[in-house]
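Here is the structure we will look at.
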Amino acid sequence: MEIRTRRISFCCTVLLCQFAAVMVFAETFHLSTGSAIEGKLLNPDQDPRTTYEIETSIGKLVLSAKQVRKVVSKPQVLQQYEESLPKVPNTVAGHLDMARKCASVNLFEQRDFHLLEVLRLDPDNAAVREKLGFVKINGLWRKEDVLMRQQGFVRDGGRWRTKQELAVKQANEDVEDAEIQWRNKIMRWESTILHNPAKAGEAIANIKAIKDYRATKTLAERLNQVQLSRDMKFMYLEVLIAIGGNVPVEAMLKCISMDPDDVLRQRCLSQLRKWQSRSAMFFFISLLDASDNQLVNNGGYALGELAMADALLPLIKALRTKHTYTVGGGNNINANFSPNQPGLGGLNFGGKPKVVEQYLTNRSVHSAILAIVPEGVNFGYDQNLWMQWYIRLNT
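Going by our numbering, the sequence shown opens with residue 24, and the numbers climb by one from there.
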């Protein structure tokens, strides 16, 4: 071991001495033959360029301009590094100091060289080994990248990922790229339809021909764009329907909830019924618990249009719903027939606001139930009778 250590030390000393003996050159001359020469250009101001006078380690060389394919100037920071390299003390402290300086100017390959020199002098230097990507396993230092690759991981930027994770990430990036491309196309075609009647027909045909699911994000945005005309929205809706999937369903639910156009909303409902969309069913069921009674009835109406049997129990529970209202306050005059209010003739003029709870029967919910159950079954708004019938039906 001692002989081997001395041999390595001797080799390193020779290497550093060689650096001391070699001149530092600023340019690399790539020749038309495919080879390269390092040297210093002695006639940089020649114009037009006819020759290259180059100082090399073996003497002066003159090449014609045709012999040189390109000249690559070495970065100044790299020149400074090479000039200072022979002065680096061959010690742990010396190489650590130079490694730190290299890292500060992004000379990472040179930094690693000096860190490896530290390990040659101090093999158990844990901090340096960690910087070089070593991990200690069962008392032995191993390269992290070797260990991770043996376990099936792949380096992706600054992270280790499984091949499956990397494939999913790449697929998602591909989808995002395609979505951006579709958005650019669709917006360009829409602009043509709105502002260039001569080419509108071709643009409409292009939009109607879309079959790629990755276009649905932009199509959905356009369907729910308030400023667009009914014709434009119907065009986008029909393309979404032809493609199908979760994004079109979500777009239609948003349209039903927010668009003022009854005809457009009804078209969305009809398609969701045709698809028997469970996502739509659960969305409208959630409206049955709304504090706003109008939303409850909106949900009931939509569930009646879908006519899906799995919505029956939530509808029965929503036949009568409790809602809270704030009444009174300011100059309001509210009827109050309580006999326990003396001297006011049964009336409360203004006063503090009061919170009133009220049970309301929901006509749209009742209609939805009738759209689902067999013809002739009708217990009105009696939730108990409806529940008894439902239990008998399912036992």
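Cβ atoms here follow ideal geometry from the backbone N, Cα and C, with glycine treated the same way.
The structure presented is a predicted model; accordingly, all values stated were derived computationally and were not measured.
| query | result |
| --- | --- |
| Can you give me the start and stop residues for the alpha helix (DSSP H) that E189 sits inside? | In the sequence as presented, Glu is not what sits at residue 189; that position holds Leu. Looking at the DSSP string, the run of the alpha helix (DSSP H) that includes L189 is 186-218. |
| For H218, count neighbouring C-beta atoms within 10 Å of its own C-beta (all shown protein chains included) and say buried if the count is 16 or more, exposed if not. | exposed |
| What separation, rounded to the nearest whole angstrom, lies between the Cα atoms of L263 and W212? | 16 Å |
| Between the Cα of G82 and the Cα atoms of P98, T74, E61, which residue gives the shortest distance? | E61 |
| Quick one: residues in its chain with C-beta nearer than 8 Å to the C-beta of L139, no 5 flanking neighbours on either side, listed in chain order? | L155 |
| Nearest to A88 by CA position, among F131, G327, L64, is which residue? | L64 |
| Out of curiosity, what's the CA-to-CA distance linking P437 and S55? | For residue 437 there is no data in the structure shown, the boundaries of the chain being 24 and 418. |
| Do V141 and L119 come within 8 Å of each other at the CB atom, strictly closer than that value? | yes |
| Using only the alpha-carbon positions, how far apart do Q289 and V350 sit? | 36 Å |
| Could you give the distance in angstroms between the alpha-carbon of Y382 and the alpha-carbon of L338? | 15 Å |
| On a Cα-Cα basis, can you pick out the residue from S107, T51, R301, Q90 that is closest to S96? | T51 |
| On the DSSP bridge assignment, give the partners of A59 in chain order. | H53 |
| Scan the segment 255-320 and note each continuous alpha helix (DSSP H) run of 4 residues or more that stays entirely inside, going in chain order. | 269-281, 285-298, 301-310 |
| Can you check whether the CB of I216 is closer than 8 Å to the CB of T241? | no |
| Counting C-beta neighbours from all protein chains within 10 Å, is the total for V388 16 or more, i.e. buried, or is it exposed? | buried |
| Identify every residue that forms a DSSP beta bridge with H346. | Q381 |
| Between the Cα of I233 and those of R123, Q317, R206, spot the shortest distance and give me the residue it belongs to. | R206 |
| Would you mind reading off the limits of the beta strand (DSSP E) that contains G77? | In the sequence as displayed, the identity of residue 77 is Ile instead of Gly. Run containing I77: 74-79, per the beta strand (DSSP E) assignment. |
| Between the C-alpha atoms of E199 and A274, what's the straight-line distance to the nearest angstrom? | 19 Å |
| In or out: M258 buried (at least 16 other Cβ within 10 Å) or exposed? | buried |
| Starting from the C-beta of L329, find all residues in its chain whose C-beta is less than 8 Å away, skip the five residues before and the five after it, and write them out in chain order. | L292, L295, R296, Q299, S300, A303, M304, F307 |
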